[in-house]
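**Q**
Protein chains: 2
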Amino acid sequence: MTARRGGGPTMHDVGRLAQVSAMTVSRVLKNDPGVSEATRERVFAAVDRLGYRRNETARSLRLGGSGMIGLVVTNLANPFYSRLALGVQEVLTEHGFRMMLSNTGEQTEREPGLVDGLIDHRVEGLIVVPAGSRQQHLADAMRHVPVVLAARPPAGLDTDCVLVEDFHGAREATACLLAEGHTRIAFLGNPPALYTGAERLRGFWAAHEESGVEPDNTLIRQGLVDAATAERAALELLDLPEGPTALFCTNNRISQGAIRALYKAGTTLPLAGFDDFDLSDILGLPLTLVSYDADEIGRQAARLLIDRLGHRDAEPPASRRVTVPTRVIRYGPHGHPGGRAFGSTPPPTA
Amino acid sequence: MTARRGGGPTMHDVGRLAQVSAMTVSRVLKNDPGVSEATRERVFAAVDRLGYRRNETARSLRLGGSGMIGLVVTNLANPFYSRLALGVQEVLTEHGFRMMLSNTGEQTEREPGLVDGLIDHRVEGLIVVPAGSRQQHLADAMRHVPVVLAARPPAGLDTDCVLVEDFHGAREATACLLAEGHTRIAFLGNPPALYTGAERLRGFWAAHEESGVEPDNTLIRQGLVDAATAERAALELLDLPEGPTALFCTNNRISQGAIRALYKAGTTLPLAGFDDFDLSDILGLPLTLVSYDADEIGRQAARLLIDRLGHRDAEPPASRRVTVPTRVIRYGPHGHPGGRAFGSTPPPTA
DNA sequence: CTGTTAGCGCGTTCAG
DNA sequence: CTGAACGCGCTAACAG
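Protein chains in written order, with the UniProt record's numbering: chain A, 1 to 350; chain R, 1 to 350.
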């Protein structure tokens, strides 16, 4: 730890040691062809000797671009977000950008602050999975840099976004249950103010209509925010005199809460839901999961953003909406309502 | 998107609009007391009107400190690392630092490059979970900034680190199996070149010695890197004429691979291992898991680093080693060797 | 092939 | 209470 506060050798220091000006050092480090081999070597030697590292902060100030883009997510511990982040990272790296990550920790109200922070650090663009329904702060952000939304559509904003086939996936999974004869399917959903919540309910509902089955409103529980709330809601439903014969869950955490509820209640019901998760294939439960590639959402979002950064000076292209496909996967035993006991586990169906 | 390349209003622009110098703007934004209320208001009005945001890049250049620390991990998609990252984030935020995250994506050879990148961006410190056994690049990094290691001890380096009770946890969990009468316990481990791998094997071995049981070398498989390799190794072991009656796994991915192997082999064996994971409690398998708080590793590492940053000018304190405790948790049915069929599932024991 | 000048946006220092 | 000068480390543009 040689570094004094703000310390470390500068190009000047390197130049002095190599007997050249700072400018020449800059050229060497940039691989500028117009430098004699002799000086190149002297410069590199000096760089090595001093342990010199070019100061990217000063560099981006001078160049007027940080090479950095910001990603805002709510909860890195949720594999959906960490996967998405990895997808973003991957594409950014290919294009020579770096990622600056901000995590709201499920505190929706922190999002505007984090966005501002990223702008203060002069990210050149922003990818956001908006946590709440208010997006005014994103409109503000768009005054500074392009913004791409991931997994949620813009609300009162004109910008690119990457969406999952929420409606389609929910409809298809629900249809599987209906096809097996279920007519009392409970719906366990996140807050309907969230796009995904609303859209997945719509798919759930549409599947019912197409089967001529009337959804039972008493079996619909929305506003669930985590596994714990989902578990409680599911236990209540299972306790009903006229309970459900199957469950539909709008995301991985809700599915896991519901599964725990089934376990505690000592019963087994077919469960459909969004998001595949670890070990889902060996739980021995009849699962119908809507799977999709969270990495791909991140990759696509990054591509949209980078493309838009390319057109910075030109007329901005019309805003685009990309969709990532879903796929229904079925695990465990499947049959007609009133299935078997927890734990009978033939190998996976799909 | 008003921003030209490198664009956006500056303090000068704000100052002109507010009829003051840039200096005064700077003072207002810094909450410097020596500014009249009237000008304050004019400045804030101008800031609002222009959507001005202070340029943190220029700021850190001038101040000689970026307020940023770097975190290097191998795989964000592994909950261990994402949790650790959240813990780091939490403490940094409390102290007014920001985090810059780099992910090697399991490519050990990329780690030095990522570390350099962070130094180029003038992080003031580094928290690293070293992926390989070579740490020379970290010694280089220490010439520039303080480095704290997480989950692995320094090798040929003199610096702070935060460790898990690897030995103790492995010994305790293994002892549980031995106490139940198991004498043929398989060991499924990550590469022994990794500290955790070696240490956990040591604990496994110690427990055997203490019970007077001779470990069977043919049941020890090391060098497993993910769930897939673990699954294959476990299947091989299960296929042995004199197979194991229980399994010990050194991390969550290996446990999951082994569990999948048990499932495919249609058998049930007690399994002990490091890391708790989602739904472990309802698998209905006899599990003995060594649990610990990954967030806490991150928090402690961040505290060590921040403390060290406080002593920047003084004599650096001797390097410290902090340990995060483990706790053994047992799930599912437990009894004597030759247990029950997959799927008999009374409620959790602990 | 190499050096000089100038300035990116900001804050410290010192004068008013 | 406010402003001017200077420099953080780097590089584009222009000399030589």
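A virtual CB, placed ideally from N, CA and C, is assigned to each residue, including glycine. For clarity, every value in this text was computed on a predicted model and none was experimentally measured.
For G96 (chain A), which residues in the same chain have their Cβ closer than 7 angstroms to its Cβ, ignoring the five residues on either side in sequence?
**A** G67
**Q** Going by C-alpha distance, which of R:A58, R:L92 and R:Y263 is nearest L309 (chain R)?
**A** Checked all of R:A58, R:L92 and R:Y263; the closest Cα to L309 (chain R) is R:L92.
**Q** Kindly provide the ranges of any beta strand (DSSP E) runs that are 3 or more residues long and lie completely inside the region 285 to 335 of chain A, ordered along the chain.
**A** Counting only runs of 3 or more residues that sit fully inside the region 285 to 335 of chain A, the beta strand (DSSP E) segments are 287 to 291, 321 to 324 and 327 to 331, in chain order.
**Q** Cβ closer than 8 angstroms: which chain A residues qualify as neighbours of T57 (chain R)?
**A** T57, S60, L61, S66, H121 and R122
**Q** Considering only C-alpha positions, which residue in the set A:F167, A:I185, A:I127 and A:R59 is nearest to T159 (chain A)?
**A** A:I127
**Q** With distances taken between CB atoms, is the gap from R152 (chain A) to Y195 (chain A) smaller than 7 angstroms?
**A** yes
**Q** Determine the DSSP secondary structure at M142 (chain A), reduced to helix, strand or coil.
**A** coil
**Q** From Q300 (chain R) to Q107 (chain A), what does the alpha carbon distance come to, in whole angstroms?
**A** 23 angstroms
**Q** Along chain R, in chain order, which residues have C-beta atoms closer than 8 angstroms to that of F44 (chain A)?
**A** Per Cβ cutoff of 8 angstroms: no residues; F44 (chain A) is ~15 angstroms from chain R at best.
**Q** To the nearest angstrom, report how far apart N75 (chain A) and M23 (chain R) are at their CA atoms.
**A** The C-alpha of M23 (chain R) is placed about 40 angstroms away from the C-alpha of N75 (chain A).
**Q** If you draw a straight line from the C-alpha of G64 (chain R) to the C-alpha of A302 (chain R), how long is it?
**A** 21 angstroms
**Q** Would you tell me roughly how many angstroms separate the C-alpha atoms of G273 (chain R) and L279 (chain A), rounded to the nearest one?
**A** Linking G273 (chain R) to L279 (chain A) through their CA atoms gives a straight-line distance of about 16 angstroms.
**Q** Answer with buried or exposed for G7 (chain R), where buried requires no fewer than 16 other C-beta atoms within 10 angstroms of its C-beta.
**A** With fewer than 16 other beta carbons inside 10 angstroms of its own, G7 (chain R) counts as exposed.
**Q** Please classify G125 (chain A): does DSSP put it in a helix, a strand, or coil?
**A** strand
**Q** Grab me the residues of S255 (chain A)'s own chain with a C-beta within less than 6 angstroms of its C-beta, minus the 5 sequence neighbours each way, in chain order.
**A** Excluding residues up to 5 positions away in sequence, C249 and G273 lie with their Cβ nearer than 6 angstroms to the Cβ of S255 (chain A) in the same chain.
**Q** Can you look up D13 (chain R) in the DSSP assignment and give me helix, strand or coil?
**A** helix
**Q** Under the rule that 16 or more other beta-carbon atoms within 10 Å means buried, what is S36 (chain A), buried or exposed?
**A** Answer is exposed; the Cβ neighbour count stays below 16.
**Q** Secondary structure at D120 (chain A), three-state DSSP: helix, strand or coil?
**A** helix
**Q** For D32 (chain R), is the classification buried or exposed, using 16 other Cβ atoms within 10 angstroms of its Cβ as the cut-off for buried?
**A** exposed
**Q** Taking the C-alpha atoms as reference points, what is the distance between L269 (chain A) and Y263 (chain A)?
**A** 10 angstroms
**Q** Just curious, the alpha helix (DSSP H) that D48 (chain R) is in, first and last residue?
**A** Element bounds for D48 (chain R): E37 to L50.
**Q** So is S36 (chain R) in contact with chain A if we call contact Cβ pairs under 7 angstroms?
**A** no
**Q** Counting Cβ pairs, one atom from each stretch, are 3 or more of them under 8 angstroms apart for the region 111 to 124 of chain R and the region 69 to 83 of chain R?
**A** yes
**Q** For the 8 angstroms Cβ check, are there 3 or more pairs between the region 172 to 191 of chain R and the region 285 to 296 of chain R?
**A** yes
**Q** Pull up the distance between the alpha-carbon of T323 (chain A) and that of V25 (chain A), whole angstroms please.
**A** Distance between the alpha carbons of T323 (chain A) and V25 (chain A): 47 angstroms.
**Q** Is the CB of A150 (chain A) under 7 angstroms away from at least one CB in chain R?
**A** no
**Q** Using C-beta distances below 8 angstroms, list every residue in its chain close to S133 (chain R), excluding the 5 sequence neighbours before and after it, in chain order.
**A** A155, A193 and L194
**Q** What residue ranges within the region 177 to 227 of chain A form continuous alpha helix (DSSP H) runs of no fewer than 4 residues, ordered along the chain?
**A** Listed in chain order, they are 195 to 211.
**Q** Is there at least one Cβ from chain A nearer than 7 angstroms to R27 (chain R)'s Cβ?
**A** no
**Q** Taking the C-alpha atoms as reference points, what is the distance between G332 (chain R) and L271 (chain R)?
**A** Whole-angstrom Cα-Cα distance: 10 angstroms.
**Q** For Q135 (chain A), does the count of other Cβ atoms within 10 angstroms reach 16, so buried, or fall short, so exposed?
**A** buried
**Q** Starting from A85 (chain A) and walking both ways along the alpha helix (DSSP H), at which residues does that stretch end?
**A** A85 (chain A) -> alpha helix (DSSP H) spans P79 to E94.
**Q** Would you please state the rounded distance, in angstroms, between the beta carbons of L163 (chain A) and R321 (chain A)? I believe it to be under 8 angstroms.
**A** Contact flag correct, Cβ pair sits at about 6 angstroms.
**Q** Along the beta strand (DSSP E) that carries A246 (chain A), what are the first and last residues, could you check?
**A** A246 to C249
**Q** Only counting the same chain, and skipping five residues up and downstream in sequence, which positions put a Cβ closer than 8 angstroms to that of R27 (chain A)?
**A** G34 and V35
**Q** Could you check which residue in R:A233, R:A228, R:A207 and R:R171 has the C-alpha nearest to that of R221 (chain R)?
**A** Cα-wise, what sits closest to R221 (chain R) is R:A233.
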